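Under the working numbering, think of the first position of the sequence shown as 1, with each following residue one higher.
Glycine residues also receive a C-beta, built at the ideal position from the N, C-alpha and C atoms.
Bear in mind that the values here come from a model prediction, so they are computed numbers and not experimental data.
The structure appears below as structure tokens.
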Amino acid sequence: MDLRLTFNEDAARYDRWRPTYVPELYGDIFNFSGIGADSRVLEIGIGTGQATLPVLKTGCRVTAVELGAELAEFSREKFSEYPDFEIKNVSFEEYACRGNTFDLIYSATAFHWIPEELGYKKVYDLLKGGGTFARFANRPHKDKSNEPLHQTMQKMYAKYMDSDEIGREFDEEQCVELADIPKKYGFTDIEYKLYHRIRTFDAEGYVSLLRTYSDHIAMGEEKLAPFEAGIKEAINSHGGKMNIYDTIDLQLARKP
Numbered sequence: 001m002d003l004r005l006t007f008n009e010d011a012a013r014y015d016r017w018r019p020t021y022v023p024e025l026y027g028d029i030f031n032f033s034g035i036g037a038d039s040r041v042l043e044i045g046i047g048t049g050q051a052t053l054p055v056l057k058t059g060c061r062v063t064a065v066e067l068g069a070e071l072a073e074f075s076r077e078k079f080s081e082y083p084d085f086e087i088k089n090v091s092f093e094e095y096a097c098r099g100n101t102f103d104l105i106y107s108a109t110a111f112h113w114i115p116e117e118l119g120y121k122k123v124y125d126l127l128k129g130g131g132t133f134a135r136f137a138n139r140p141h142k143d144k145s146n147e148p149l150h151q152t153m154q155k156m157y158a159k160y161m162d163s164d165e166i167g168r169e170f171d172e173e174q175c176v177e178l179a180d181i182p183k184k185y186g187f188t189d190i191e192y193k194l195y196h197r198i199r200t201f202d203a204e205g206y207v208s209l210l211r212t213y214s215d216h217i218a219m220g221e222e223k224l225a226p227f228e229a230g231i232k233e234a235i236n237s238h239g240g241k242m243n244i245y246d247t248i249d250l251q252l253a254r255k256p
């Protein structure tokens, strides 16, 4: 199974439960890139547009690529009021466009699906001189405020997925490692930022969120149903709420 296509199974659920990004992130991208109404922007892996609206509101022309046909159609309709928005139902690897076209290329929690060398080289080619590449992602972490709940949930993951629920919390060291990658492909003016927030869910909401993750969807209904029942029972027996501690990392780079 191509895990990239699991997101395509329920676009409405994905749009409802996947998080957007903090306003400060967009401010940092816009300040670094200097984009405006005359700019051309490419979004890689739009999904259902969790990271799209603030960019569209600058008045720039946005092209998005999205592998999933249902996700692409959902986003096409979602942003249909913006005449300078277009979406291509194609993978970034197969997307055809002349070089030196875009002032900003960005990817939100999607660029990890693309082979590094191919991805960075193609981004570099598509950017104009002086153009910006912004890569960012949301990194959820366990409920640090409720260790008994976390331990109970770990047992559910060990039983049904043979893995830990969430590993190491994303930190500055990992962010720096990602920020260093563009240097290998000719980018300069490297910057990075970290942002933090807490999201709170009840049991039903948290399970709905889990159904938007590729590894959970890939479990199949036979395993997923009892797993989700166990997760809901764990949350409801430990206060009825589940906190997620998010770290959002941003890496910025410029084509000379």
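Helix, strand or coil for F170? Go by DSSP, reduced to three states. Locating residue 170 in the sequence shown gives position 170, counting from the first residue. F170 falls in the coil class under three-state DSSP.
Can the beta-carbon of R254 be found closer than 7 angstroms to that of T188? Translated into positions along the sequence shown, residue 254 becomes position 254. Translated into positions along the sequence shown, residue 188 becomes position 188. Cβ atoms of R254 and T188: closer than 7 angstroms.
The beta strand (DSSP E) that contains K184, what's its start and end? In the sequence shown, counting from the first residue as 1, residue 184 sits at position 184. Careful: K184 lies outside any beta strand (DSSP E) and carries neither H nor E.
Could you tell me if R168 is buried or exposed, where buried requires 16 or more neighbouring beta carbons within 10 angstroms of its beta carbon? Taking the sequence shown and counting its residues from 1, the one referred to as residue 168 is at position 168. So R168 ends up on the exposed side.
Integer Cβ distance of K193 from D38, believed to fall under 8 angstroms: Position 193 of the sequence shown, counted from the start, is the residue given in the question as residue 193. Position 38 of the sequence shown, counted from the start, is the residue given in the question as residue 38. Between D38 and K193 the Cβ distance is about 26 angstroms, and since that is not below 8 angstroms, they are no contact.
Whose C-beta lies closer than 8 angstroms to the C-beta of E204 among residues of the same chain, with five residues either side of it excluded? Your numbering for residue 204 matches position 204 in the sequence shown. The residues are K232.
At what residues does the beta strand (DSSP E) containing Y95 begin and finish? Your numbering for residue 95 matches position 95 in the sequence shown. First-last for Y95: undefined, no H or E at that position.
Is A110 helix, strand or coil by DSSP? On the sequence shown, residue 110 is found 110 positions in, with the first residue counted as 1. Of the three classes helix, strand and coil, the one that applies to A110 here is coil, per DSSP.
C-alpha gap between Y11 and G45, whole angstroms: Position 11 of the sequence shown holds residue 11. Position 45 of the sequence shown holds residue 45. In the sequence on display, residue 11 carries Ala and not Tyr. Going by the C-alpha atoms only, they are around 13 angstroms apart.
Within the same chain, show all residues whose beta-carbon is closer than 7 angstroms to that of H196, passing over the 5 residues directly before and after it, in chain order. Here residue 196 is taken as the residue at index 196 of the sequence shown, counted from 1. Taken in chain order, the residues that qualify are D246 and T247.
Can the beta-carbon of F32 be found closer than 7 angstroms to that of T132? Translated into positions along the sequence shown, residue 32 becomes position 32. Translated into positions along the sequence shown, residue 132 becomes position 132. In contact: F32 and T132 (Cβ atoms closer than 7 angstroms).
N67, DSSP secondary structure in three states: In the sequence shown, counting from the first residue as 1, residue 67 sits at position 67. The amino acid at residue 67 is misidentified as Asn; the sequence shows Leu. Coil, per DSSP.
Indicate whether T200 and N243 have their beta-carbon atoms separated by less than 7 angstroms. Residue 200 sits at position 200 when you count from the first residue of the sequence shown. Residue 243 sits at position 243 when you count from the first residue of the sequence shown. In this structure, the beta-carbon distance from T200 to N243 falls below 7 angstroms.
On the CB-based measure, 16 or more other CB atoms within 10 Å of its CB, does P182 come out buried or exposed? Within the sequence shown, the letter at position 182 stands for residue 182. Counting Cβ neighbours within 10 Å, P182 comes out buried, since at least 16 surround it.
Below 7 angstroms between beta carbons: does that hold for S75 and G49? Indexing the sequence shown from 1 puts residue 75 at position 75. Indexing the sequence shown from 1 puts residue 49 at position 49. Yes, the pair counts as a contact, with Cβ atoms nearer than the cut-off.
Can you tell me which residues form a DSSP beta bridge with N31? Your numbering for residue 31 matches position 31 in the sequence shown. Assignment of beta-bridge partners to N31 by DSSP yields no partner.
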